[in-house]
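Residue 781 in the working numbering sits at position 193 of the sequence shown; the count goes up by one each step and never skips.
In this text, a Cβ means the ideal position worked out from N, Cα and C, and glycines have one as well.
Since we're looking at a predicted model, the values are computed, not measured.
Scroll down for the structure; my scribbles are underneath it.
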Amino acid sequence: MQRALFFLIGISFLACQPSAKSTEDQPQKDSTQTVQSTTDSTVIDLVAKKASLGTPETITVTNDPVFHRNKTFAAIPLVTVLKQIPAYARLKPEETQVVFECEDGYNPSMPLSKVLTSKAYLAVKDKDAPAGEDWTTLQKGPETKKIAPFYICYTDVKGDDPTYKWPYNLVRISLTSASKETAALFPKHDDSVVKGYGLFKTHCLTCHALNGVGGTLGPELNQPKSVTEYWKTEDLKAFIANPESYRNKVKMPKLGLKKKEIDEIVGYLSYMAKQ
Ligand code: HEC
């Protein structure tokens, strides 16, 4: 699904697979694979809980970045929903990531502290949808985007700020420790690629995993072989700059990164090839 063009995505995310590359300093457990005891689950299945999520209010989003116009939704404050996650009460917002799990494998995440200081909503119905329907589908060229069953939006955030995520086709939300992701992906042995790490987290990790940590909409980029080992460096950089110049109907969006930023990201990927 080409959700890509709508989002210039970013930020961090925590994986679903324990790392096969993991050695002494990789975490052995991933963090969305949560404590599944019923008393302390870190996940909410939005579809299963649909009837009891809360009472929707009517909200207006100015210049919605997914629909590209002003929109009106029936929506529940996101904090009301997050509070229903059993582990919510014990987690510290500054050490917790909120992971939005979409049906198609797109898994953006945001710091919980950032979510809590914004007017974030879980939209449950598009007020502009045809009578009898909860959502309109979005047509972008030949691609149809499914917005149902849930969509995250904000009434106080600009749509072009890549640090805020606007996932649609959302099915689950989980809470995970921010430090585990850092443990898996932070370049602890090479200061010179820290900038590339930050850029990768902001622009790539929502769709791509490294060593199993990250999104699954795009391919894993480090396991079992790093893309830096089987792409020529200049092609890799040119692909990142403009995926469409390599593949027709490519699902990866053009991200609008500067040449220097791409160099930093590829430097980080080369470092990770050895990790
Ligand atoms: C919105 C999701 C999304 C984002 C963000 C994204 N990608 Fe991709 N990427 C994809 C998808 C999907 C593919 C598969 C492309 C295809 O062939 O259709 C892909 C393919 C790739 C490939 C080719 C892999 C291969 O061997 O075929 C590389 C390399 C890559 N992405 C790197 C990056 C980097 C680096 C970033 C961040 C600067 C990034 N991507 C951001 C979705 C994304």
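Comparing alpha-carbon positions, which option in the options lies nearest residue i?
{"i": "R678", "options": "S706, L824, S765 and T821", "result": "S765"}
{"i": "K713", "options": "E689, E731, I664 and E852", "result": "I664"}
{"i": "T751", "options": "S706, D628 and G729", "result": "S706"}
{"i": "A826", "options": "K842, Q727 and F738", "result": "K842"}
{"i": "L857", "options": "K659, T684, V781 and H777", "result": "V781"}
{"i": "V631", "options": "F688, T650 and E832", "result": "F688"}
{"i": "L886", "options": "T725, A736 and D744", "result": "With the chain covering only 589 through 863, there is no way to say anything about residue 886."}
{"i": "K702", "options": "K715, L710, A711 and E683", "result": "E683"}
{"i": "K776", "options": "H791, Q863 and G720", "result": "Q863"}
{"i": "S629", "options": "A675, H791, M698 and K820", "result": "A675"}
{"i": "E731", "options": "G855, K837 and D749", "result": "K837"}
{"i": "T636", "options": "F738, L809 and E769", "result": "Correcting the residue identity first, residue 636 is Ala in this sequence and not Thr. Nearest C-alpha to A636: F738."}
{"i": "A736", "options": "G747, P653 and E721", "result": "E721"}
{"i": "L700", "options": "K728, S767, F655 and P718", "result": "S767"}
{"i": "D749", "options": "W723, H791, D716 and K715", "result": "H791"}
{"i": "P644", "options": "G747, A711, G806 and V686", "result": "A711"}
{"i": "K715", "options": "G642, L845, S833 and T660", "result": "T660"}
{"i": "Y818", "options": "G844, V854 and G803", "result": "V854"}
{"i": "P807", "options": "P681, M840, E832 and M698", "result": "M840"}
What does residue i pair with, by DSSP beta-bridge criteria?
{"i": "Y739", "result": "A711"}
{"i": "S697", "result": "V687"}
{"i": "A663", "result": "E645 and A711"}
{"i": "I758", "result": "Note that residue 758 corresponds to Leu in the displayed sequence, not to Ile. DSSP, once it has assigned bridges, lists C690 and F738 as partnering L758."}
{"i": "R657", "result": "D652"}
{"i": "L726", "result": "K733"}
{"i": "I632", "result": "I761"}
Does ligand 1 have a heavy atom nearer than 7 Å to the CB of residue i?
{"i": "C795", "result": "yes"}
{"i": "K654", "result": "A small fix is needed here, since residue 654 is Val in this sequence, not Lys. Checking the Cβ of V654 against ligand 1 gives no."}
{"i": "M840", "result": "yes"}
{"i": "I853", "result": "yes"}
{"i": "G802", "result": "no"}
{"i": "G747", "result": "no"}
{"i": "P755", "result": "no"}
{"i": "G693", "result": "no"}
{"i": "I828", "result": "yes"}
{"i": "L824", "result": "yes"}
{"i": "R835", "result": "yes"}
{"i": "G786", "result": "no"}
{"i": "L726", "result": "no"}
{"i": "P644", "result": "no"}
{"i": "C690", "result": "no"}
{"i": "G844", "result": "no"}
{"i": "L809", "result": "yes"}
{"i": "V687", "result": "no"}
{"i": "V815", "result": "yes"}
{"i": "L805", "result": "yes"}
{"i": "H791", "result": "yes"}
{"i": "W723", "result": "no"}
(request) Count the CB pairs spanning the segment 761-770 and the segment 668-682 that are closer than 8 Å, and state whether there are at least three. (result) yes
(message) If contact is defined by three or more beta carbon pairs under 8 Å, each pair taking one atom from either stretch, is the segment 792-804 in contact with the segment 682-696?
(response) yes
(request) Determine, using beta-carbon pairs with one atom in the segment 848-857 and one in the segment 780-788, whether at least three such pairs fall under 8 Å. (result) yes
(message) Threshold first: 3 residues or longer. Then list the beta strand (DSSP E) segments lying entirely within the segment 753-818, N to C.
(response) With a minimum length of 3 residues, the continuous beta strand (DSSP E) runs that stay inside the segment 753-818 are 758-765.
(message) Counting beta carbon pairs with one atom in the segment 728-744 and one in the segment 641-654, are three or more of them shorter than 8 Å?
(response) yes
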